[in-house]
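S.K.: In the numbering used here, the protein residues as written are 3 to 318.
In this text, a Cβ means the ideal position worked out from N, Cα and C, and glycines have one as well.
The structure that follows is given in the form of structure tokens.
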Ligand SMILES: [Zn+2]
């Protein structure tokens, strides 16, 4: 079995701080914090358990008050997250009342390689927020366990918890009998499939892991959690990630990326925004940074791309 435990404090509170101070919408309601924190913890666990040079993006496309929630973790465990909330979130709202009110909610996991071959698309897997009996799932951990079973054909147990100070998670996974599992579902082995749900060691350790309570995961240190759960098991501990190698807040936005986005709008659209507002201003939902492009900057973007001759005065 393989296990990983993550406990995010500074990285998580930094995400919340930037939201409450940088966004006109203000701080997230508590149920949204809980959901987004669990997403961040889960994405960190998944990224750290695969060998993948690129970003892992966990998204929920909701049909309730939360329209979109994103947690993105880079290969070096730099991470960021955001959620778009439109509408009333009631206190204690469940997962389905946040994102799956009309049965249209979906969860997507994207693996976007750092360097792509020409024409290569990022891998994306999408799962509905239902179990096999079409019951709405109320735990993000169940949604992701279902996904991992389908894509990796490996039994996975996840315990997730978050509040406004800590985002934490425990992942237990049965190691593949042959080859190595990966989220992109390239591992198709009959031997692995036959073992699903039947490995007694996995079942025992999964049951121990599942007994971990939300409060324990949020408040206890790693030593205590491991001792409580697995004191009868043989544990091989790896060095905890700390300092520069630990998960931390990092936004990948840049002025150059926003320039490319403006380029993607096309000259006509960009010019009409400039004509209407005087400039183009783009805010980053993840970190709160603001990028402002005045008419000269906008003209420059298209001039570099060759859409405007050097002497053009089309944008003034
Ligand atoms: Zn940013």
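Runs of 3 residues minimum, wholly inside the segment 77 to 158: which ones carry the beta strand (DSSP E) assignment?
M.R.: Those beta strand (DSSP E) runs which fall completely within the segment 77 to 158 and span 3+ residues are 80 to 87, 108 to 115, 125 to 130.
S.K.: Could you tell me the distance, in whole angstroms, from the CA atom of residue 184 to the CA atom of residue 99?
M.R.: Walking along the chain shown from the start, residue 184 turns up at place 182. Walking along the chain shown from the start, residue 99 turns up at place 97. Note that residue 184 scores a pLDDT of 49, beneath 50, so its modelled location is shaky; the value from the coordinates is reported in the next line. Rounded to whole angstroms, residue 184 to residue 99 spans 31 Å at the Cα level.
S.K.: Does the pairing of the segment 30 to 45 with the segment 200 to 212 give three or more beta-carbon distances under 8 Å?
M.R.: Because the criterion of three Cβ pairs below 8 Å is not met, the segment 30 to 45 and the segment 200 to 212 do not touch.
S.K.: What are the boundary residues of the alpha helix (DSSP H) that includes residue 7?
M.R.: Reading the chain shown from its first residue, position 5 is the one you call residue 7. That residue, residue 7, is in no alpha helix (DSSP H); its beta strand (DSSP E) goes 4 to 10.
S.K.: Say the cut is 6 Å; is the CB of residue 291 nearer than that to a heavy atom of ligand 1?
M.R.: For this step, residue 291 is matched to residue 289 along the chain shown. Yes.
S.K.: Just to confirm, does residue 119 get its C-beta within under 6 Å of one of the non-hydrogen atoms of ligand 1?
M.R.: Within the chain shown, the letter at position 117 stands for residue 119. For ligand 1, not one heavy atom lies less than 6 Å from the Cβ of residue 119.
S.K.: Pairs of beta-carbons, one from the segment 46 to 64 and one from the segment 206 to 218, closer than 8 Å: are there three or more?
M.R.: Not touching, per the Cβ criterion.
S.K.: Would you kindly work out how many angstroms separate the C-alpha atoms of residue 189 and residue 108, rounded to a whole number?
M.R.: Residue mapping note: residue 189 aligns to position 187 of the chain shown, counting from 1. Residue mapping note: residue 108 aligns to position 106 of the chain shown, counting from 1. With a pLDDT of only 48 at residue 189, under 50, the local geometry of the prediction cannot be trusted, and the value read off the model is given with reservation. Their backbone Cα atoms lie some 24 Å apart in a straight line.
S.K.: Run the CB neighbour count on residue 9, radius 10 Å, all protein chains shown included, and call it buried at 16 or more, exposed below.
M.R.: If you number the chain shown from 1, residue 9 lands on position 7. That one is buried.
S.K.: Nearest-angstrom Cα distance between residue 27 and residue 88?
M.R.: Residue 27 sits at position 25 when you count from the first residue of the chain shown. Residue 88 sits at position 86 when you count from the first residue of the chain shown. Roughly 10 Å between the two C-alpha positions.
S.K.: Let me confirm a value: residue 159 is counted as buried when at least 16 other C-beta atoms fall within 10 Å, else exposed. Which label applies?
M.R.: Position 157 of the chain shown, counted from the first residue, corresponds to residue 159. Buried, since its Cβ has 16 or more Cβ neighbours within 10 Å.
S.K.: How should residue 262 be labelled, buried or exposed, when 16 other C-beta atoms within 10 angstroms of its C-beta is the threshold for buried?
M.R.: Looking up residue 262 in the chain shown gives position 260. With fewer than 16 Cβ atoms within 10 Å of its Cβ, residue 262 is classed as exposed.
S.K.: With contact counted as at least three CB pairs below 8 Å, one residue from each stretch, are the segment 69 to 84 and the segment 249 to 256 in contact?
M.R.: Enough Cβ pairs lie closer than 8 Å, so yes.
S.K.: With H, G and I counted as helix, E and B as strand and the rest as coil, what does DSSP make of residue 68?
M.R.: In the chain shown, the residue the question calls residue 68 occupies position 66. In this structure, residue 68 counts as strand in the three-state DSSP scheme.
S.K.: Any heavy atom of ligand 1 closer than 6 Å to the CB of residue 288?
M.R.: If you number the chain shown from 1, residue 288 lands on position 286. The answer is yes for residue 288.
S.K.: Can you check which of these residues, 216, 215, 213, 239, is closest to residue 225 by C-alpha distance?
M.R.: In the chain shown, counting from the first residue as 1, residue 225 sits at position 223. If we check each option's Cα against that of residue 225, 239 comes out closest.
S.K.: Per the DSSP calculation, residue 57 is bridged to which residue(s)?
M.R.: Sequence index remark: in the chain shown, residue 57 carries index 55 (1-based). 114.
S.K.: Quickly, what does DSSP pair residue 175 with across the bridge? List them, please.
M.R.: Taking the chain shown and counting its residues from 1, the one referred to as residue 175 is at position 173. Beta-bridge pairing links residue 175 to 4, 158.
S.K.: Considering only the alpha carbon of each residue, which of 111, 169, 122 lies closest to residue 147?
M.R.: For this step, residue 147 is matched to residue 145 along the chain shown. Taking only the C-alpha atoms, the option nearest residue 147 is 111.
S.K.: Counting beta carbon pairs with one atom in the segment 45 to 55 and one in the segment 64 to 71, are three or more of them shorter than 8 Å?
M.R.: The segment 64 to 71, when compared against the segment 45 to 55, does not touch it at the 8 Å Cβ threshold.
S.K.: May I have the straight-line CA-CA distance separating residue 307 from residue 271, to the nearest angstrom?
M.R.: Within the chain shown, residue 307 is the residue found at index 305, counting from 1. Within the chain shown, residue 271 is the residue found at index 269, counting from 1. If you take the alpha carbons of residue 307 and residue 271, they lie about 15 Å apart.
S.K.: Looking only at C-alpha atoms, which of 292, 22, 300 sits nearest to residue 266?
M.R.: For the purposes of this step, residue 266 is taken as the residue at position 264 of the chain shown. The residue with the shortest Cα to Cα distance from residue 266 is 300.
S.K.: Between which two residues does the alpha helix (DSSP H) carrying residue 276 extend?
M.R.: On the chain shown, position 274 is the one that residue 276 refers to. First-last of the alpha helix (DSSP H) with residue 276: 269 to 279.
S.K.: I need the boundaries of the alpha helix (DSSP H) containing residue 39, first residue and last residue.
M.R.: Taking the first residue of the chain shown as position 1, residue 39 is located at position 37. Where residue 39 is concerned, the enclosing alpha helix (DSSP H) stretches over 32 to 51.
S.K.: Would you kindly report the start and end of the unbroken beta strand (DSSP E) that includes residue 282?
M.R.: Against the chain shown, residue 282 aligns to sequence position 280. That run of the beta strand (DSSP E) goes 282 to 285.
S.K.: State the DSSP-derived secondary structure class of residue 74, mapped to helix, strand or coil.
M.R.: For the purposes of this step, residue 74 is taken as residue 72 along the chain shown, with counting starting at 1. Of the three classes helix, strand and coil, the one that applies to residue 74 here is strand, per DSSP.
S.K.: Express the C-alpha separation of residue 18 and residue 231 in angstroms, rounding to a whole number.
M.R.: Reading the chain shown from its first residue, position 229 is the one you call residue 231. Reading the chain shown from its first residue, position 16 is the one you call residue 18. Cα-Cα distance, rounded: 30 Å.
S.K.: Using a 10 Å radius around the Cβ and a threshold of 16 neighbouring Cβ atoms, would you call residue 237 buried or exposed?
M.R.: By 1-based counting over the chain shown, the position of residue 237 is 235. Under this definition residue 237 is an exposed residue.
S.K.: DSSP three-state call for residue 238: helix, strand or coil?
M.R.: Sequence index remark: in the chain shown, residue 238 carries index 236 (1-based). Coil, per DSSP.
S.K.: Indicate the three-state DSSP secondary structure (helix, strand or coil) for residue 251 in the structure shown.
M.R.: Along the chain shown, one-based indexing puts residue 251 at 249. In the structure shown, residue 251 sits in a strand (DSSP, three-state: E or B).
S.K.: Using the C-alpha atoms, what's the distance from residue 287 back to residue 47?
M.R.: One-based indexing of the chain shown puts residue 47 at position 45. One-based indexing of the chain shown puts residue 287 at position 285. One C-alpha to the other measures close to 23 Å.
S.K.: Using only the heavy atoms of ligand 1, determine whether one of them is closer than 6 Å to the beta carbon of residue 1.
M.R.: Any answer about residue 1 is impossible in this case: the structure gives the chain only from 3 up to 318.
S.K.: Comparing alpha-carbon positions, which option in 127, 282, 243, 278 lies nearest residue 260?
M.R.: In the chain shown, residue 260 corresponds to position 258, counting from 1. Checked all of 127, 282, 243, 278; the closest Cα to residue 260 is 282.
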